[in-house]
Amino acid sequence: MRFELSMRGSTKFSRLMLSSFGTSGFTSSLGFSRTRPCCTMAEDRKLGGFLDFMEKLRNYEKSGVPKGAGTDSDDGFDLGRMRRLLQRLGNPHSNFKAVHIAGTKGKGSTSAFLANILRKEGYSVGCYTRNGGPVSVDVLNTLFSNVKVIIDESIDQENGALTHFEVFTALAFCLFSQKKVDIAIVEAGLGGARDATNVLCSNGLAASVITTIGEEHMAALGGSLESIAIAKSGIIKHGCPVVIGGPFVPHIEHIIRDKASTMSSPVISACDPGIQHVVNCLGREDEKPFQICDLLIDVQKDVKLFIHLPSLKLGMLGDHQLQNAVTATCTALCLRNQGWKISDLAVRAGLESTQLPGRSQFLTTKEAEALQLSKTSVLIDGAHTEASARGLADIIRMVHPYGPLVLVVAMASDKDHAAFATQLLSGRQPDVVLLTEVNIAGGRSRMTPATDLKASWTSAAVKLGIDYHDMGIINSENPVEVHTAHAQQAVSSDGKQLVLLASQTPSVEALMKLASQLLEHRAGPQSGLIVVTGSLHIVSSILAALSGKLA
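To convert a position in the sequence shown, counted from 1, into our numbering, add 100.
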């Protein structure tokens, strides 16, 4: 059996997608994921005690992370608190090998690629990431019941300072220890140096991975790219190899390499001159696109790596996902050099089988019809940074070069809304952009008002010289039905004008229906595409709605 747990903020402080499902062959997987929601009402009732308990803990995903909290300074999170909690629990993290992954973007995809490679070789793999799957309600309840007394004591001894993330991380490590996984893939939550996951010691660490360095969580991580690089390089441990993804600007890579040098850690770069990769073409299978790539890794420096994978079929689209696949492959080859049995066939099978909910995910016809979206293609992608918006724009150009295009966007308040809008408007220009709102981690404190988002997109359109038509705001006084006819007229009247519309209504499904109706009124022989993006939270709301309708 394969058990995975998904956790993420939603209507309570979080919701969980909980189930168990079989896997082929003899592979085993345990996943503790922090994002993908969907919990049935029956499962909610069974988990009532656990959910209520976690709701009372401090949740920085909901409230926002304090300034400097991720830095290795007096302002940083107290990692000693996490170590004391794990010591009371018997140090479960010392009972398994791990790969620790940090980075601004690409952590989840790299984790998924690597985990699937190891599974295809037959290893029992634990995953603590933002992209796992479900775990059974019974497994979670039993786990929580077994350690609740210790956690209660720890909360008292820490004067109530233990956080939601610290407790959840400890639960994940307990699960991996109990199930005796062969290896765990552990994704850092924020930064690296002071992240709760950074209790993994060098004697249990198979490798560290730093995927990318970018401008996200700037205030929490010190305010500059340099401080972010310093924080993330905090996961490098003495004598343990570190794989760097990239590409990095030279002085940022220098910071990481300097830290590795001080720790006597060999560095493997996924941008080494001996690595060649290219996307050859795009295909479709079972209603979903894939890209055919060639990949050659021939590194002959300190750590020698070699693999050749021609005609590799990746369901994860875009050059950035190919780069993530390269980073994961370099990590797998690094493990192979340490004595782990990992065949070329397992690498290919793992890469090709990887799909992540909410990452360049196309809904099937059945799923679209469940949302009452007929004759419409739907792409959901949790992009929320400038870099990920650029990658999404590339995917849109790749899979939908022509035909009507509608974007449905909601974002958290601590993201760069203007840069995100600029990237998407610089790609294939959409016909309509619907700006909406979504709760972040079950609360509204980090939600961006739709009117503010519309202002950012308006500003970006003006700077890019894009002619636009502002359709106003959908709210209780001006419901979606009032706007539909006017929006349809605006879309039909001028095929070259961008239509912007904000929505303060809570129903993403209603907005999706409006997007579908607007697509039908855009002239042209090509089919239309709806893209839902801006936050993993809006993507999760779509997946939760689908889960309820298809259950």
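Ideal placement from N, C-alpha and C gives every residue a C-beta, glycine not left out.
Values in this document were obtained by computation on a predicted structure and should not be read as measured data.
Own chain, CB closer than 6 angstroms to residue i, minus 5 neighbours either side, in chain order
| i | result |
| --- | --- |
| Val478 | Leu463, Ala468, Ile630 |
| Thr431 | Leu214, Ala307, Val309, Val343 |
| Asn195 | Ser277 |
| His637 | Val538, Ile540 |
| Ala284 | Phe196, Ala198, Gly226, Phe276 |
| Asp398 | Gly374, Phe406 |
| Asp653 | Not covered by the structure: residue 653. The range shown for the chain is 101 to 651. |
| Cys371 | Gly346, Pro347 |
| Ser453 | Asn216 |
| Thr418 | In the sequence as displayed, the identity of residue 418 is Gly instead of Thr. If we look at Gly418 and ignore the five residues flanking it on each side, its Cβ neighbours are Gly491, Asp494, Ile495. |
| Arg436 | Ile442 |
| Thr127 | Any reading at Thr127 needs caution, since the residue's pLDDT is 37, under 50, leaving its predicted position unreliable; the model's value is listed next. Same-chain partners within the cutoff: Arg219, Gly222. |
Test: residue i CB closer than 9 angstroms to a CB of chain D
| i | result |
| --- | --- |
| Pro389 | Here there is only one protein chain, and chain D is not present. |
Extent of the continuous alpha helix (DSSP H) to which residue i belongs
| i | result |
| --- | --- |
| Ser194 | First-last for Ser194: undefined, no H or E at that position. |
| Cys301 | Where Cys301 is concerned, there is no enclosing alpha helix (DSSP H), given that its DSSP letter is neither H nor E. |
| Asp256 | 237-257 |
| Asp372 | Taken as a continuous stretch (DSSP letters only), Asp372 belongs to no alpha helix (DSSP H), as it is neither H nor E. |
| Val447 | 444-453 |
Opposing strand residues paired with residue i [DSSP bridges]
| i | result |
| --- | --- |
| Ser607 | According to DSSP, which records beta bridges pairwise, Ser607 is partnered with nothing at all. |
| Ser308 | His200, Val342 |
| Ser163 | Paired residue(s): none; Ser163 is not in a bridge. |
| Gln391 | Leu382, Leu414 |
| Met154 | Partner(s): none; Met154 has no beta bridge. |
| Gly291 | Answer by DSSP bridge pairing: none, since Gly291 is not bridged. |
| Ile630 | Val478, Val506 |
| Val267 | The partner list for Val267 (beta bridge, DSSP) is empty, contrary to what the question assumes. |
| Asp398 | Phe406 |
| Ala284 | Ala198, Gly226 |
| Phe462 | Leu479 |
| Val599 | Val532, His569 |
| Met547 | Ala512 |
| His377 | Leu395 |
| Ile330 | DSSP, once it has assigned bridges, lists no residue as partnering Ile330. |
Integer-rounded CB distance, given that residue j should sit under 8 angstroms from residue i
| i | j | result |
| --- | --- | --- |
| Thr548 | Leu611 | 15 angstroms between Cβ atoms; not a contact. |
| Leu507 | Leu473 | Contact doesn't hold; Cβ gap of about 15 angstroms is too wide. |
| Gly482 | Arg459 | 6 angstroms |
| Ala645 | Gln604 | Between Gln604 and Ala645 the Cβ distance is about 19 angstroms, and since that is not below 8 angstroms, they are no contact. |
| His377 | Val426 | 6 angstroms |
| Ala293 | Gly334 | 3 angstroms |
| His420 | Gly206 | 7 angstroms |
| Ser236 | Leu185 | 24 angstroms between Cβ atoms; not a contact. |
| Thr312 | Gly203 | 5 angstroms |
| Val239 | Cys274 | Not quite, the Cβ-Cβ distance comes to about 11 angstroms (not below 8 angstroms), so this is no contact. |
| Thr171 | Ala329 | At roughly 12 angstroms, the Cβ-Cβ gap does not stay under 8 angstroms, so Thr171 and Ala329 are not in contact. |
| Lys162 | Arg546 | 7 angstroms |
Residue interval of the beta strand (DSSP E) (run including residue i)
| i | result |
| --- | --- |
| Phe177 | Taken as a continuous stretch (DSSP letters only), Phe177 belongs to no beta strand (DSSP E), as it is neither H nor E. |
| Lys649 | Not the beta strand (DSSP E): Lys649 falls in the alpha helix (DSSP H), residues 636-650. |
| Ser411 | 404-414 |
| Ile217 | That residue, Ile217, is in no beta strand (DSSP E); its alpha helix (DSSP H) goes 207-220. |
| Thr551 | First-last for Thr551: 550-563, but that is the alpha helix (DSSP H), not the beta strand (DSSP E). |
| Ile574 | 568-574 |
| Leu433 | Here Leu433 belongs to no beta strand (DSSP E); instead the alpha helix (DSSP H) covers 419-437. |
| Leu65 | Because residue 65 is not part of the residues shown, which for the chain are 101 to 651, the question remains open. |
| Leu535 | 532-535 |
Residues of its chain near residue i, where Cβ-Cβ distance is below 7 angstroms and the 5 sequence neighbours each way are ignored
| i | result |
| --- | --- |
| Leu300 | His193, Ala198, His200, Val286 |
| Ser443 | Glu221 |
| Val165 | Leu290, His317, Ala320 |
| Arg158 | Thr263, His264 |
| Ser641 | Val538, Val608 |
| Arg357 | Val367 |
| Ala521 | Ser556, Trp557, Ala560 |
| Lys146 | Val237, Asn241 |
Sequence-distant residues of the same chain with beta carbon closer than 8 angstroms to residue i, five excluded per side
| i | result |
| --- | --- |
| Lys649 | Ala470, Leu471 |
| Ala493 | Gln523, Leu524, Ser526, Gly527, Arg528 |
| Glu326 | His351, Ile352, Ile355 |
| Ser364 | His338, Gly339 |
| Glu387 | Phe462, Thr464, Thr465 |
| Phe390 | Leu382, Gly383, Arg384, Lys413, Leu414, Gly415, Leu417 |
Original post:
Can you give, in chain order, each stretch of the beta strand (DSSP E) that sits fully within the stretch 335-368 and has at least 3 residues?
Top reply: 342-344
Original post:
Considering only residues of the stretch 467-528, which uninterrupted alpha helix (DSSP H) runs meet the minimum length of 4 residues and lie entirely inside it, listed in chain order?
Top reply: 486-499, 517-526
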